[in-house]
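K.L.:
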Amino acid sequence: MSELNFVTVGDGTRIAYRLDGDAGQPVLVLSNSIATTLHMWDGQIGELSRHFRVLRYDFRGHGGSSVPVGAYSLDRLGRDVIELIDALGLGQVHFLGLSLGGFVGQWLGIHAPERVDRLILSNTSSHLSPASYFDERIAVVRQAPDMSETAEVFLNNWFPAGMVAANEPVIEKFRAMLLEIDRLGLAGLFAAVRDADLRRTVALINRPTLVIAGQHDTVTAASHSELIAAAVPGAKLVVLPAVHLSNVEYPTEFMQAVLDFLH
Numbered sequence: 001m002s003e004l005n006f007v008t009v010g011d012g013t014r015i016a017y018r019l020d021g022d023a024g025q026p027v028l029v030l031s032n033s034i035a036t037t038l039h040m041w042d043g044q045i046g047e048l049s050r051h052f053r054v055l056r057y058d059f060r061g062h063g064g065s066s067v068p069v070g071a072y073s074l075d076r077l078g079r080d081v082i083e084l085i086d087a088l089g090l091g092q093v094h095f096l097g098l099s100l101g102g103f104v105g106q107w108l109g110i111h112a113p114e115r116v117d118r119l120i121l122s123n124t125s126s127h128l129s130p131a132s133y134f135d136e137r138i139a140v141v142r143q144a145p146d147m148s149e150t151a152e153v154f155l156n157n158w159f160p161a162g163m164v165a166a167n168e169p170v171i172e173k174f175r176a177m178l179l180e181i182d183r184l185g186l187a188g189l190f191a192a193v194r195d196a197d198l199r200r201t202v203a204l205i206n207r208p209t210l211v212i213a214g215q216h217d218t219v220t221a222a223s224h225s226e227l228i229a230a231a232v233p234g235a236k237l238v239v240l241p242a243v244h245l246s247n248v249e250y251p252t253e254f255m256q257a258v259l260d261f262l263h
């Protein structure tokens, strides 16, 4: 696998990324959940890089990317992707986003459809409310001494209770990832989710779209995926018996759905 590389975008923020797979293959961009790094996709890279040149990146405020002060916006997160693929000389790409990455995928499908070939929106929503919930989370993470309490909240929202209670190796991996997340970066991304509302504009997406839902998802409910799939013309919906990180909980079924759609 390639090492971490960096691109500086228009506002001076440094975005970390890595590429896997042969240069001659179609490009697939992967976009993570909030509070994770590009390593959220580690379990998929071996298989995906056989078929695609896989581009992963860390959101501003997370992982190897720099941490600008203040609230972030979905518009800025979308432009980070455009500037990244521009810097790498890439034209049209496939895009797979999960959770916050799915918000970014919707933004790209609406605002930069010419850059998207096929679009996969996994475990995501067009709008999450109430704003007061995100304001509260922002206050909590800013005031907390570390990420330990917030990490447990995320783990319990992302995985079945039995997996968390058993402290399976994958839980430990994601706990370690969460504990390394910058709290100010997390607050910035919480603000982007709080302010995002694509419920009306999502119908403008005209790219071939697959929506993947988690049947037991309490973060981005399956009903939210159903609304997206109903709004996007011709979109296909796949429901997995997962909670939130369906690529981790049901990797085989997730990969099958992705490859079937992209081929």
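Here the sequence shown is numbered in the UniProt record's numbering, starting from 1 and rising by one per residue.
From the three backbone atoms N, C-alpha and C, an ideal C-beta is built for every residue, glycine too.
1. What's the call for H244, buried or exposed, on a 16-neighbour Cβ count within 10 Å?
2. Does the separation of the CB atoms of S129 and G102 fall below 8 angstroms?
3. Is the stretch 62-73 close to the stretch 179-196, with three or more CB pairs under 8 angstroms?
4. Please state the DSSP three-state secondary structure of I205.
5. Could you check if P145 belongs to the surroundings of the ligand FAD, using beta carbon to heavy atom distance under 7 angstroms?
6. Give me, in chain order, the residues of the same chain whose beta-carbon lies closer than 6 angstroms to that of W107; leave out the 5 immediate sequence neighbours on both sides.
7. Is the stretch 241-259 touching the stretch 210-219, taking contact as three or more C-beta pairs under 8 angstroms?
8. Quick check on Y133: does DSSP put it in helix, strand or coil?
9. DSSP beta-bridge partners for D80?
10. Roughly how many angstroms separate the alpha carbons of M1 and I171, rounded to a whole number?
11. When the Cα atoms are used, what is the spatial distance from V9 to I85?
12. So, using beta-carbon positions, are F52 and L28 closer together than 8 angstroms?
13. Helix, strand or coil for V54, going by three-state DSSP, please let me know.
14. Quick check on the burial criterion: 16 or more other C-beta atoms within 10 angstroms. Buried or exposed for residue 269?
15. Could you spell out where the alpha helix (DSSP H) holding V170 opens and where it closes?
16. For A213, write down the residues that DSSP places opposite it in a beta bridge.
17. Spatial neighbours of L90 within its chain, please: CB distance less than 6 angstroms, with the 5 preceding and 5 following residues excluded, ordered by chain position.
18. Which residue from L55, G46, R56 and T36 puts its Cα closest to that of H62?
19. What residues in its chain sit with their C-beta under 6 angstroms from that of G185, if we drop five residues either side in the sequence?
20. Spatial neighbours of E226 within its chain, please: C-beta separation below 6 angstroms, excluding the five flanking residues on both sides.
21. Run through DSSP, which three-state label would L28 get?
22. I need the boundaries of the beta strand (DSSP E) containing V7, first residue and last residue.
23. Given this structure, state the Cα-to-Cα distance separating R14 from D80, to the nearest angstrom.
P.N.:
In this structure, then:
1. Result: buried.
2. G102 sits away from S129, with the two beta carbons spaced by 8 angstroms or more.
3. Under the Cβ criterion (8 angstroms, minimum of three pairs), the stretch 62-73 counts as touching the stretch 179-196.
4. Looking at I205 - three-state DSSP - the assignment turns out to be coil, as it is neither helix nor strand.
5. With respect to the ligand FAD, the structure offers nothing, as it holds no ligand at all.
6. Only L74 and G78 meet the Cβ criterion.
7. By the Cβ criterion, the stretch 241-259 is in contact with the stretch 210-219, since at least three pairs of Cβ atoms, one from each stretch, lie closer than 8 angstroms.
8. In the three-state reduction of the DSSP assignment, Y133 falls in the helix class, which pools H, G and I.
9. Its beta-bridge partners do not exist; DSSP assigns none.
10. Because M1 carries a pLDDT of 44, less than 50, the predicted location of this residue cannot be relied on, and no value is offered for it.
11. The alpha-carbon atoms of V9 and I85 are separated by roughly 11 angstroms.
12. Yes, these two residues count as a Cβ contact at 8 angstroms.
13. Reduced to three states, the DSSP call for V54 is strand.
14. Lying before the first or after the last residue shown, residue 269 is absent from the chain, which here runs from 1 to 263.
15. P169 to L179 is the span of the alpha helix (DSSP H), which, as asked, contains V170.
16. Answer is V239, bridged to A213.
17. Closer than 6 angstroms at Cβ, skipping near neighbours: V27.
18. Of all alpha-carbon atoms in L55, G46, R56 and T36, the one lying nearest the alpha-carbon of H62 is that of T36.
19. So the list reads G61, H62 and V67, once near-sequence residues are dropped.
20. Cβ contact annotation for E226 (same chain, cutoff 6 angstroms, sequence separation greater than five): none.
21. If DSSP states are grouped into helix, strand and coil, L28 belongs with the strands.
22. Taken as a continuous stretch (DSSP letters only), the beta strand (DSSP E) holding V7 covers N5 to T8.
23. The straight-line gap from Cα to Cα measures roughly 10 angstroms.
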